[in-house]
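Note that UniProt numbering gives residue 114 to position 114 of the sequence shown, counting from 1, and the numbers run on in steps of one. Where is the CB? At the ideal position from N, CA and C, for every residue including glycine. Remember, predicted model here, so these are calculated numbers, not experimental data. What follows is a single structure, written as structure tokens, with notes after it.
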Amino acid sequence: MTDWTRMTLAGFQRGLARGEFSPLDWWRACRERIDARDPTVQAWECLAPEPAIAAQDGGPPHAPLGGVPVGIKDIIDTTRLPTTWGTRGYHRVDRADMDAAIVTQLTRLGALPMGKTVSTEYAYFQPSKTRNPHDPTRTPGGSSSGSAAAVAAGMVPVALGTQTVGSIIRPASYCGVVGFKPTHGTLSVAGLKALAPSLDTLGWFTRHLEDTRTLFTALTGSPPIRALTRLDGLRVGLCRVPGTHSPSPETAAALEGAREKMATLGAEIGTAGLGASFDELVTHQQVILAYEATRALASERERFEASMSPALVALLDEGQRLSLADYWASRQAADRARFTLSQQLAARFDVLLAPSAPGVAPEGLASTGDPIYSRVWTLLGVPCVNLPLHWTPQGLPVGVQLIADRYQDQRLLSIASALMP
């Protein structure tokens, strides 16, 4: 019997080519898993009907993602499935005029949309209905809560997410899956609901790092990424504590375990940091977020303010109080920090190793957790990948993230492969 939770994208394609699987086998297995797990996890906003075999027959031959089920975050437009932007229905479009660019890309590559995964309200902080698959009393994180939980629960091998603050890396850490945020702008966000365009980044979740490499190659048209097995001579900058925020013992243990493993594989470990500027950059990220969100959601506020969460309204109020000079000052500070980071990475480090989240997923569903460990990296637009390398005795995951300079995504995933084959 096939263990679909261990199946990789490339392994499925090999099985299809040998006639061991049919194009709908994985989709049907995922649907059975959803029927069993989703009443508890609640990761799906809506599900797609089973695709017609004929649709697959008309696809490109040897499609690199043929028959792969994919979860689509519910801020991404689809013509065949409704979009609610995580608003629990107060804002809903049953059929968009066009699929988002990423949905079209995926279907042309042979992927099969499984359904829409739950998002927080307009991808901000209002918690969703989704629960952590490892402990339903805990948050899965946000805003890509449904995508991370669905992948972690084995309900789909791939799910799309977005990150404007920490919405890929944090839920990936809480749910124990690989979460990848590419360099800002790598993938088109056409057809995605904007929150803060200079920060919004499209990425995804998988259970296997190999699948993240496969997806990156398929979606960008880049050459296959070589998986490293040794890190001899690689320079790693360890970022233990951002600003004044101390990690939990679980996060510290995860970071130390990753450091030891990288050293054992031959890496040279040094101390890195952005110094006293880290807290300033967190503030600049919040300024940019609030200023841009106020303008991106102007029409939505005009129509739906009475139904919006207090947290979202507070963000929009904050943005209204900011001046253009405030916004430009924060954008300029971000530009300077990107240049400084690029210089530091070029001179001293190949990658950075940092915490993904302050600790394990918090208890309760009233919050999606603190995104402090992602704010600056999102502001700087650099690629980040969460690796689920540490688990507590209670069976809760704690991730670490590797970070590279902009446009070094392939190098980042190659290095990460040594830690998570």
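Are the C-beta of valine 165 and some C-beta of chain D separated by less than 9 Å? In the structure shown, chain D cannot be found, because there is only a single protein chain.
Taking C-alpha atoms, which residue in Gly67, Arg95, Ser342 lies nearest to isoleucine 75?
For the purposes of this step, residue 75 is taken as residue 75 along the sequence shown, with counting starting at 1. Ranking the options by Cα distance to isoleucine 75, first place goes to Arg95.
**Message:** Which residue marks the beginning of the beta strand (DSSP E) containing valine 70, and which one marks its end?
**Reply:** Along the sequence shown, read from residue 1 onward, the residue named residue 70 stands at position 70. 69 to 73 is the extent of the beta strand (DSSP E) around valine 70.
| Do glycine 185 and threonine 162 have their CB atoms nearer than 9 Å? | Locating residue 185 in the sequence shown gives position 185, counting from the first residue. Locating residue 162 in the sequence shown gives position 162, counting from the first residue. No, Cβ-Cβ distance for glycine 185 and threonine 162 is not below 9 Å.
Within 10 angstroms of the Cβ of aspartate 335, are there 16 or more other Cβ atoms? Answer buried if so, exposed if not. Stepping through the sequence shown from its first residue, residue 335 is reached at position 335. Exposed.
### Message
Could you pull the DSSP bridge partners for tryptophan 391 from this structure?
### Response
Here residue 391 corresponds to residue number 391 of the sequence shown, with the count starting at 1. Paired residues: Pro397.
Between which two residues does the alpha helix (DSSP H) containing glutamine 13 stretch? Along the sequence shown, read from residue 1 onward, the residue named residue 13 stands at position 13. Unbroken alpha helix (DSSP H) run through glutamine 13: 9 to 17.
### Task
Give every residue of the same chain whose Cβ lies closer than 6 Å to the Cβ of glycine 154, excluding the five residues on either side of it in the sequence, and list them in chain order.
As a position in the sequence shown, residue 154 is number 154, starting the count at 1. Beyond the five residues adjoining it in sequence on each side, glycine 154 comes within less than 6 Å, by CB distance, of Thr5, Arg33 in the same chain, given in chain order.
To test your reading of the DSSP string, which unbroken alpha helix (DSSP H) runs of 4 or more residues are found completely within the region 209 to 267?
For the alpha helix (DSSP H) assignment, the uninterrupted runs of no fewer than 4 residues enclosed by the region 209 to 267 are, from N- to C-terminal side, 209 to 220, 249 to 264.
Report task. Report buried or exposed for methionine 1, applying the criterion of at least 16 other Cβ atoms within 10 angstroms of its Cβ. Result -> To locate residue 1, count along the sequence shown from 1; it is residue 1. Exposed, since its Cβ has fewer than 16 Cβ neighbours within 10 Å.
Q: Kindly indicate which three-state DSSP category threonine 87 falls into: helix, strand or coil?
A: Taking the first residue of the sequence shown as position 1, residue 87 is located at position 87. The three-state secondary structure of threonine 87, taken from DSSP, is coil.
query: Where leucine 109 and glutamate 280 are concerned, what is the direct C-alpha to C-alpha distance, given to the nearest angstrom?
result: Position 109 of the sequence shown holds residue 109. Position 280 of the sequence shown holds residue 280. Looking at the two C-alpha atoms, the distance is approximately 42 Å.
* Within its chain, find whatever has a CB closer than 7 Å to the CB of tyrosine 407; leave out the 5 residues flanking it on each side and keep chain order. => As a first step, residue 407 must be located in the sequence shown, where it is residue number 407. Excluding residues within five positions, the ones whose Cβ falls inside 7 Å are Thr183.
* Using a threshold of 9 Å, state whether the C-beta atoms of arginine 28 and glutamate 50 are closer than that. => Stepping through the sequence shown from its first residue, residue 28 is reached at position 28. Stepping through the sequence shown from its first residue, residue 50 is reached at position 50. Against a cut-off of 9 Å, the Cβ pair of glutamate 50 and arginine 28 comes out as a contact.
Between the CA atoms of valine 41 and arginine 18 - distance to the nearest angstrom
As a position in the sequence shown, residue 18 is number 18, starting the count at 1. As a position in the sequence shown, residue 41 is number 41, starting the count at 1. Roughly 35 Å between the two C-alpha positions.
- Message: Between which residues of its own chain and alanine 404 is the CB-CB distance below 7 Å, once the five residues before and five after are set aside?
- Response: If you number the sequence shown from 1, residue 404 lands on position 404. Here the set comprises Val351, Val382, Pro383, Arg411, Leu412.
Exercise for review: Please classify arginine 92: does DSSP put it in a helix, a strand, or coil?
Suggested key: Residue mapping note: residue 92 aligns to position 92 of the sequence shown, counting from 1. Reduced to three states, the DSSP call for arginine 92 is coil.
*asked:* For proline 397, tell me which candidate among Ile269, Ser367, Ala366, Pro355 has the shortest Cα-Cα distance.
replied: Within the sequence shown, the letter at position 397 stands for residue 397. Put simply, of Ile269, Ser367, Ala366, Pro355 the residue whose alpha carbon is nearest the alpha carbon of proline 397 is Pro355.
> For the alpha helix (DSSP H) that glutamate 32 lies in, which residues bound it at each end?
Replying inline: Position 32 of the sequence shown, counted from the start, is the residue given in the question as residue 32. Unbroken alpha helix (DSSP H) run through glutamate 32: 25 to 41.
Original post:
Within 10 angstroms of its Cβ, does phenylalanine 339 collect 16 or more other Cβ (buried), or is it exposed?
Top reply: By one-based count along the sequence shown, residue 339 stands at place 339. Flag for phenylalanine 339 reads exposed.
Backbone CA spacing between glycine 179 and serine 307 [nearest angstrom]:
As a first step, residue 179 must be located in the sequence shown, where it is residue number 179. As a first step, residue 307 must be located in the sequence shown, where it is residue number 307. Rounded to whole angstroms, the separation of the alpha carbons of serine 307 and glycine 179 is 31 Å.
Nearest by alpha-carbon distance to valine 282: which of Ala337, Leu316, Gly237, Ile269 is it?
Taking the first residue of the sequence shown as position 1, residue 282 is located at position 282. Distances from the alpha-carbon of valine 282 to those of Ala337, Leu316, Gly237, Ile269 put Ala337 closest.
Q. Under the three-state reduction of DSSP, which class applies to glutamine 126: helix, strand or coil?
A. On the sequence shown, residue 126 is found 126 positions in, with the first residue counted as 1. Glutamine 126: coil per DSSP, three-state reduction.
Query - Contact the region 317 to 327 vs the region 283 to 292: 3+ CB pairs below 8 Å - result: Yes: at least three Cβ pairs fall under 8 Å.
Consult DSSP for glutamine 410 and reduce its assignment to one of helix, strand or coil.
Position 410 of the sequence shown, counted from the start, is the residue given in the question as residue 410. Helix at glutamine 410.
- Message: Using 8 Å for Cβ pairs, my map puts tyrosine 124 next to leucine 315. What's the rounded Cβ distance?
- Response: Along the sequence shown, one-based indexing puts residue 124 at 124. Along the sequence shown, one-based indexing puts residue 315 at 315. About 6 Å; that satisfies the 8 Å criterion.
Span of the beta strand (DSSP E) holding phenylalanine 180? Numbered from its first residue, the sequence shown carries residue 180 at position 180. That run of the beta strand (DSSP E) goes 178 to 181.
Using beta-carbon positions only, say whether alanine 267 and leucine 234 come within less than 9 Å of one another. Walking along the sequence shown from the start, residue 267 turns up at place 267. Walking along the sequence shown from the start, residue 234 turns up at place 234. Result yes, Cβ atoms of alanine 267 and leucine 234 sit closer than 9 Å.
Ordered list of alpha helix (DSSP H) runs contained in the region 119 to 207, each at least 4 residues: Complete alpha helix (DSSP H) runs here, min 4: 145 to 152, 169 to 175.
Bounding residues of the beta strand (DSSP E) (the contiguous stretch that carries proline 113):
The residue you call residue 113 lines up with position 113 of the sequence shown. Annotation: the continuous beta strand (DSSP E) that includes proline 113 extends over 112 to 117.
Say the cut is 8 Å; is the CB of alanine 252 nearer than that to a heavy atom of the ligand ZN?
Although the ligand ZN was asked about, the structure shown includes no ligands whatsoever.
- [ ] Check whether the Cβ atoms of serine 119 and glycine 142 sit closer than 9 Å, and answer yes or no.
- [x] Reading the sequence shown from its first residue, position 119 is the one you call residue 119. Reading the sequence shown from its first residue, position 142 is the one you call residue 142. Going by C-beta atoms, serine 119 is nearer than 9 Å to glycine 142.
Review point. Leaving out five residues before and five after tyrosine 371 in sequence, what residues of the same chain have Cβ atoms less than 7 Å from its Cβ?
Key: Counting from 1 along the sequence shown, the entry for residue 371 is found at position 371. It should be pointed out that residue 371 corresponds to proline in this sequence rather than to tyrosine. Taken in chain order, the residues that qualify are Val165, Gly166, Arg170.
| CB-CB under 6 Å to glycine 15, same chain, minus the five flanking residues each way: which ones, in chain order? | As a working note, residue 15 is residue 15 in the sequence shown. Correct list, in chain order: Phe21.
Bridge-paired residues (DSSP) for leucine 402
Position 402 of the sequence shown, counted from the first residue, corresponds to residue 402. DSSP output for leucine 402 lists Leu353, Val385 as bridge partner(s).
Would a C-beta distance cut-off of 9 Å place glycine 399 and alanine 357 closer than the cut-off? Residue mapping note: residue 399 aligns to position 399 of the sequence shown, counting from 1. Residue mapping note: residue 357 aligns to position 357 of the sequence shown, counting from 1. Going by C-beta atoms, glycine 399 is nearer than 9 Å to alanine 357.
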